[in-house]
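*Asks:*
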Amino acid sequence: MNKAFVFLGFVAVAMLCGAGSALMVTAHENKAGNFSETATPVETFEMDESSKAESRFTAGQSERYPDLTYAAESAVKGVVNVESVLRVPARHGYDPFFDFFGIPHGDSSDAQYRERHAGGSGVIISSDGYIVTNNHVVEGASSLRVRFNDGRKFEARLVGTDATTDIALLKIDAKKLPAIPFGSSDELRLGEWVLAIGSPFDLQSTITAGIVSAKARQLGAIPSDFSIESFIQTDAAVNPGNSGGALVNTRGELVGINTLIKTQTGNYIGYSFAVPESIVKKVVCDLKEFGVVQRAILGISFRMVDQDFIDQMGKELGVKELGGAYVLQIVEGGSASEAGIRKGDIITAIDGRKVESGSNLQEFIAKHRPNDRVTLTIKRDGQVKQIECTLRNKAGKTELLSKKDVDVVEALGGQFADAGTRLCQKLGIRGGVEVVGIKGDGVLARARVKRGFVITYINDKPVMSLGEMQRLLEPIRSIDGVYPDGRSATYILVE
429 MNKAFVFLGF
439 VAVAMLCGAG
449 SALMVTAHEN
459 KAGNFSETAT
469 PVETFEMDES
479 SKAESRFTAG
489 QSERYPDLTY
499 AAESAVKGVV
509 NVESVLRVPA
519 RHGYDPFFDF
529 FGIPHGDSSD
539 AQYRERHAGG
549 SGVIISSDGY
559 IVTNNHVVEG
569 ASSLRVRFND
579 GRKFEARLVG
589 TDATTDIALL
599 KIDAKKLPAI
609 PFGSSDELRL
619 GEWVLAIGSP
629 FDLQSTITAG
639 IVSAKARQLG
649 AIPSDFSIES
659 FIQTDAAVNP
669 GNSGGALVNT
679 RGELVGINTL
689 IKTQTGNYIG
699 YSFAVPESIV
709 KKVVCDLKEF
719 GVVQRAILGI
729 SFRMVDQDFI
739 DQMGKELGVK
749 ELGGAYVLQI
759 VEGGSASEAG
769 IRKGDIITAI
779 DGRKVESGSN
789 LQEFIAKHRP
799 NDRVTLTIKR
809 DGQVKQIECT
819 LRNKAGKTEL
829 LSKKDVDVVE
839 ALGGQFADAG
849 TRLCQKLGIR
859 GGVEVVGIKG
869 DGVLARARVK
879 RGFVITYIND
889 KPVMSLGEMQ
899 RLLEPIRSID
909 GVYPDGRSAT
919 YILVE
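Here the sequence shown is numbered in this note's numbering, starting from 429 and rising by one per residue.
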């Protein structure tokens, strides 16, 4: 869960009915860390009798409020608790007391393993046992178990995962399960009531309600260089353990998978975020059918034409009107390049749907597979054009991927950038990809590659740019490159 610095204010308003006045009670923290209250008078006003009656919520007025009981009672049966078991290294004579206080103990050479349990939630999406959850709930697990609303437990098999959307698909051997039907996240409206269902703090079958606060939020929260984020933001309370649970509408239909909160404390403080159904449905269908996600890539880098863009670059580029995505670069051989999109075009719509943000542009494309066709509406030299584009995968091909094909960037397990002209001149190379970060248990971490290493060959094939590296699909057998001090290195993987 990403952390955000948030200002918390606590305000209570007390209505003094007899005097017709009000007080604002504000919490202040004293030096001892306790809270004291100070009362500040605010504007006095009178309420007539009809207004007072309207301010009360009574059973006689219940028809004015949404009835969430059907959605809650039907959907709660389709949400499960997901328990993941991870094997983590432990020294001989492991005692958590010493670890808690950071006291060295045990013989580090006598490595053993112990089990660590983690929890999350999942959603039954088919009566024959398919369950969707978050990738981060199951990542690294040696075994998985799900617990139903009625207490039943099943061992689960991992069908596939997708780190770029933080979605995973599980399968259990069971029939006639209470699946939650898919709704439409596209049709969600701001202010619409939704329910979040999951197992926060291991409290199974917890239901909270809120409204849709925003759509197509992009937070930079998913730890992947090629993440796809277009979150539904709600104010339904979500806490640790809710991850992978259901976000449902008032009809009890699945419109999102609860994924993260932004918080300073680690717990819910006002808003939560869910992966929209439009992305979830596409990802789980691909995982079920192919074992991997069939991701279409438009093959451009862009910047949204907002007021900052107009102020900074508008005059130089001749752009005066807000709206759309300005194409900064084109990937040669990619979808946009082959369709005739040029640098400087402004993409205003995809299949007739307005491009309002970078996240909803990503979402439009993420719904498709390679070889699908979309119609791009663009502005070029003051003219509006419609261009049909056949989408391609990251390798620039229209073919679908198989499980044998490898996402080289994910397999390497790092963060990367094109080696700049100055660095290439310093190292005497024509191009390459610099390792700017190492994460997880990928190839780089296992080979003990250091940050700053510039990859120049993978499997004896030249890697001149990050774009070229992204298009590689075969398993990694060898990596060649050079360190910033000029030292060359070759890493050969031995299975």
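By construction, the Cβ of each residue, glycine as well, lies at the ideal position given by its N, Cα and C atoms.
Could you give the uninterrupted runs of the alpha helix (DSSP H) lying entirely in the region 820-857, keeping only those of 4 residues or more?
*Replies:* Counting only runs of 4 or more, we get 836-840 and 849-855.
*Asks:* Answer yes or no: do E766 and C817 have a C-beta to C-beta separation smaller than 9 angstroms?
*Replies:* Yes. Within cutoff.
*Asks:* Of all the options G909, Y498, L921 and L756, which has the alpha carbon lying nearest to the alpha carbon of L623?
*Replies:* Nearest of G909, Y498, L921 and L756 to L623, Cα basis: Y498.
*Asks:* Which residues bound the beta strand (DSSP E) around D714?
*Replies:* D714 -> not in any beta strand (DSSP E); alpha helix (DSSP H) instead, spanning E705 to F718.
*Asks:* Indicate whether H545 and E501 have their beta-carbon atoms separated by less than 9 angstroms.
*Replies:* The answer is no: Cβ separation not under 9 angstroms.
*Asks:* Checking the sheet assignment: what are the DSSP bridge partners for M741?
*Replies:* None, per the DSSP bridge assignment.
*Asks:* Span of the alpha helix (DSSP H) holding T497?
*Replies:* T497 to A503 is the span of the alpha helix (DSSP H), which, as asked, contains T497.
*Asks:* What does a CB cutoff of less than 6 angstroms around P903 pick up in its chain, not counting 5 residues either side in sequence?
*Replies:* If we look at P903 and ignore the five residues flanking it on each side, its Cβ neighbours are V834.
*Asks:* Run the CB neighbour count on K702, radius 10 Å, all protein chains shown included, and call it buried at 16 or more, exposed below.
*Replies:* The sequence given here has Ala at residue 702, not Lys. By the neighbour-count rule (16 or more Cβ atoms within 10 Å), A702 is buried.
*Asks:* Starting from Q722, trace the alpha helix (DSSP H) in both directions and tell me its first and last residue.
*Replies:* Looking at the DSSP string, Q722 is not in any alpha helix (DSSP H), and its letter there is neither H nor E.
*Asks:* Let's test the definition: count the other Cβ atoms within 10 Å of the Cβ of I886 and tell me whether it reaches 16, buried, or not, exposed.
*Replies:* So I886 ends up on the buried side.
*Asks:* Tell me which residues share the same chain as T918 and place their Cβ nearer than 6 angstroms to its Cβ, disregarding the 5 neighbours each side in the sequence.
*Replies:* Within the same chain, T918 has close Cβ partners D908.
*Asks:* How many angstroms separate the CA atom of F576 from the CA atom of T803?
*Replies:* The alpha-carbon atoms of F576 and T803 are separated by roughly 44 angstroms.
*Asks:* By how many angstroms is the C-alpha of D594 removed from the C-alpha of L715?
*Replies:* Near 13 angstroms, if we compare the C-alpha coordinates of D594 and L715.
*Asks:* Determine which residues share a DSSP beta bridge with P890 and list them.
*Replies:* Bridge partners of P890: Y885.
*Asks:* Could you have a look at H564 and say whether DSSP puts it in helix, strand or coil?
*Replies:* Of the three classes helix, strand and coil, the one that applies to H564 here is helix, per DSSP.
*Asks:* Only counting the same chain, and skipping five residues up and downstream in sequence, which positions put a Cβ closer than 7 angstroms to that of S706?
*Replies:* So the qualifying residues of the chain are S613, D614, E791 and K795.
*Asks:* Can you list, in chain order, the residues of its chain whose CB lies under 7 angstroms from that of A823, leaving out five sequence neighbours each side?
*Replies:* So the list reads R899 and L901, once near-sequence residues are dropped.
*Asks:* To the nearest angstrom, report how far apart L921 and A873 are at their CA atoms.
*Replies:* L921 and A873: Cα-Cα distance of roughly 12 angstroms.
*Asks:* In three-state terms, what does DSSP make of G488?
*Replies:* In this prediction, G488 scores a pLDDT of 44, lower than 50, which makes its location untrustworthy; no coordinate-derived value is stated.
*Asks:* According to DSSP, is D800 part of a helix, a strand, or is it coil?
*Replies:* Of the three classes helix, strand and coil, the one that applies to D800 here is coil, per DSSP.
*Asks:* Span of the beta strand (DSSP E) holding A777?
*Replies:* Here the beta strand (DSSP E) through A777 covers I774 to I778.
*Asks:* Per DSSP, which one or two residues make a beta bridge with K599?
*Replies:* BP columns for K599 point to Y558 and R585.
*Asks:* Taking 6 angstroms as the limit between beta carbons, can you name the residues of its chain near L726, skipping five residues before and five after?
*Replies:* So the qualifying residues of the chain are S763, A764 and I793.
*Asks:* Would you kindly work out how many angstroms separate the C-alpha atoms of R894 and I728, rounded to a whole number?
*Replies:* Just to set this straight, residue 894 is Leu in the shown sequence, not Arg. C-alpha separation (whole angstroms): 13 angstroms.
*Asks:* Looking only at its chain, what residues have a beta carbon closer than 8 angstroms to the beta carbon of T486, apart from the 5 residues adjacent to it on each side?
*Replies:* Low confidence applies to T486: its pLDDT is 40, below 50, so where it sits in the model is not reliable enough to give any reading.
*Asks:* Taking 9 angstroms as the cut-off, decide whether the C-beta atoms of V640 and L618 are in contact.
*Replies:* Yes. Within cutoff.
*Asks:* If the criterion is Cβ atoms closer than 9 angstroms, does the pair I775 and G752 meet it?
*Replies:* Yes. Within cutoff.
*Asks:* Quick check: V924 and I660, are their CB atoms within less than 9 angstroms of each other?
*Replies:* Given a span of 429 to 923 for the chain in the structure shown, any question on residue 924 remains unanswerable.
*Asks:* Tell me the rounded alpha-carbon separation between T389 and R858.
*Replies:* There is simply no residue 389 to check, as the chain begins at 429 and stops at 923 in what is shown.
*Asks:* Applying the criterion that 16 or more other CB atoms from any shown protein chain within 10 Å of the CB defines a buried residue, is K643 buried or exposed?
*Replies:* Buried.
*Asks:* State the Cα-Cα distance for the pair K789 and I559, rounded to the nearest angstrom.
*Replies:* With the sequence shown as reference, residue 789 is identified as Leu, and Lys is not the correct amino acid for it. Each residue's Cα considered, the two are about 28 angstroms apart.
*Asks:* Flag this pair as touching only if the region 631-640 and the region 662-676 have three or more C-beta atom pairs under 8 angstroms; answer yes or no.
*Replies:* Yes, the region 631-640 touches the region 662-676.
*Asks:* Going by the CB atoms, is the gap between S671 and G548 shorter than 9 angstroms?
*Replies:* A contact, by the Cβ cut-off of 9 angstroms.
*Asks:* Determine the direct distance from the alpha carbon of D556 to that of D601, and round the result to whole angstroms.
*Replies:* For D601 and D556, the distance between alpha carbons rounds to 8 angstroms.
*Asks:* Can you list, in chain order, the residues of its chain with a C-beta nearer than 6 angstroms to that of R585? Leave out the 5 residues immediately preceding and following it.
*Replies:* Excluding positions up to five away in sequence, the list reads K599.
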